[in-house]
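Q:
Residue numbers (the numbering used here): 9 to 291.
1. How would you label residue 156, buried or exposed, when you count the other beta carbons within 10 angstroms and need 16 or more for buried?
2. At what residue ranges does the segment 216-247 contain a whole run of the beta strand (DSSP E), taking only runs of 3 or more?
3. Have a look at residue 286 and residue 271 and give me their C-alpha separation to the nearest angstrom.
4. So, are the CB atoms of residue 74 and residue 105 less than 8 Å apart?
5. To which residues of the same chain is residue 178 closer than 7 Å at the C-beta, ignoring the five residues directly before and after it?
6. Can you grab the Cα-Cα spacing for the pair residue 3 / residue 234, in whole Å?
7. Pull the bridge partners of residue 68 from the DSSP assignment, please.
8. Rounded to the nearest angstrom, what separates residue 180 and residue 62 at their Cα positions?
9. Is the beta carbon of residue 208 closer than 8 Å to that of residue 184?
10. Does the distance from the C-beta atom of residue 213 to that of residue 220 stay below 8 Å?
11. Buried or exposed: residue 133, going by 16 or more other Cβ atoms within 10 Å of its Cβ?
12. Return the first residue and the last residue of the beta strand (DSSP E) that residue 149 is part of.
13. Rank 231, 261 and 137 by C-alpha distance to the C-alpha of residue 239 and give the top, closest one.
14. Take the Cβ of residue 148 as the centre, count every other Cβ of all protein chains shown within 10 Å, and call the residue buried at 16 or more, exposed below.
15. What residue from 205, 90, 266 and 243 has the CA that sits closest to residue 112's CA?
16. Nearest to residue 141 by CA position, among 280, 275, 283 and 284, is which residue?
17. In the DSSP assignment, what residue or residues form a beta bridge with residue 166?
18. Of the residues 94, 165, 252 and 95, which one's Cα is nearest the Cα of residue 138?
19. Between which two residues does the alpha helix (DSSP H) harbouring residue 134 extend?
20. Looking only at its chain, what residues have a beta carbon closer than 7 Å to the beta carbon of residue 254, apart from the 5 residues adjacent to it on each side?
21. Using the three-state DSSP reduction, which class does residue 83 fall into: helix, strand or coil?
22. Roughly how many angstroms lie between the CA atoms of residue 170 and residue 161, to the nearest whole one?
23. Mind checking which residues open and close the beta strand (DSSP E) that includes residue 262?
24. Please report the distance separating the alpha-carbon of residue 53 from that of residue 101.
25. Give a yes or no on whether the C-beta atoms belonging to residue 224 and residue 144 are separated by under 8 Å.
26. For the beta strand (DSSP E) containing residue 112, name the first residue and the last one.
27. From the DSSP secondary-structure annotation, give me the bridge partner or partners of residue 196.
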């Protein structure tokens, strides 16, 4: 069960109080250092739908599916918008809700949705930071720390999220490869409605609009247990996955660079993409 942002104001007092208490607890959990050093993604209800249908989003945080449902905490969102054949618009939503945003579909084809969060600060012990760098494939950062004798130093980082989801409307997918303007953005290069388990599914990673090579990209299927794959982007920022089945797939990537801020040593962007893939019938 989820509540739309507009429903909270009209809920009974006890329900509203319980929801606020739950949001506060989840926010505290989300703000622990290890929780922040995990994937962050949008889950749409529903990822494939019809025209003039409401789509509701929730947020998840964790190393993989199912993750932990997370509220839209105060000042989390920098911008939250959608783009279809008719243009761009702001996704409705408000802070302190579990249903973090919603909109009504307008056009057949793909509606691309992006959430850009505000920057937050994270400090981890040396062992935690090194483990996190290893898990996310940030080997260049590890080499830089080692080169300057900082392998045993805590990790001080400012980070922000670039969460994206693609909604396929009326059984059509044109526009699935549109950009939404995130600084770190994952873009499918293969039609989501034409998945072939015997052919590569291609995803491209862009940083400030340009291909980002040598970056670990993960693919994770919502299943029990989750199916997890990974690959490193080529010179064109592309990876090719042989995906074993259709379903709601989550793609992730992290990019980190030296920080220019006094309170941190590193600046990172976390990109995610959720998209429902459907297998194309073999002819």
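Ideal Cβ placement from N, Cα and C applies to all residues, glycine included.
A: The relevant details are as follows:
1. The residue is exposed, with fewer than 16 neighbouring Cβ atoms inside 10 Å.
2. 224-229 and 235-240
3. 45 Å
4. no
5. 58, 59 and 116
6. Because the chain spans 9 through 291 in this model, residue 3 falls outside it and cannot be assessed.
7. 49 and 77
8. Going by C-alpha positions, residue 180 is about 17 Å away from residue 62.
9. no
10. yes
11. exposed
12. Looking at the DSSP string, residue 149 is not in any beta strand (DSSP E); the run it does join, the alpha helix (DSSP H), is 147-155.
13. 261
14. exposed
15. 90
16. 275
17. 129 and 275.
18. Ranking the options by Cα distance to residue 138, first place goes to 165.
19. Unbroken alpha helix (DSSP H) run through residue 134: 134-143.
20. Closer than 7 Å at Cβ, skipping near neighbours: 203, 285, 286 and 287.
21. coil
22. 27 Å
23. 255-266
24. For residue 53 and residue 101, the distance between alpha carbons rounds to 15 Å.
25. yes
26. Counting along the chain, the beta strand (DSSP E) containing residue 112 begins and ends at 109-112.
27. 211
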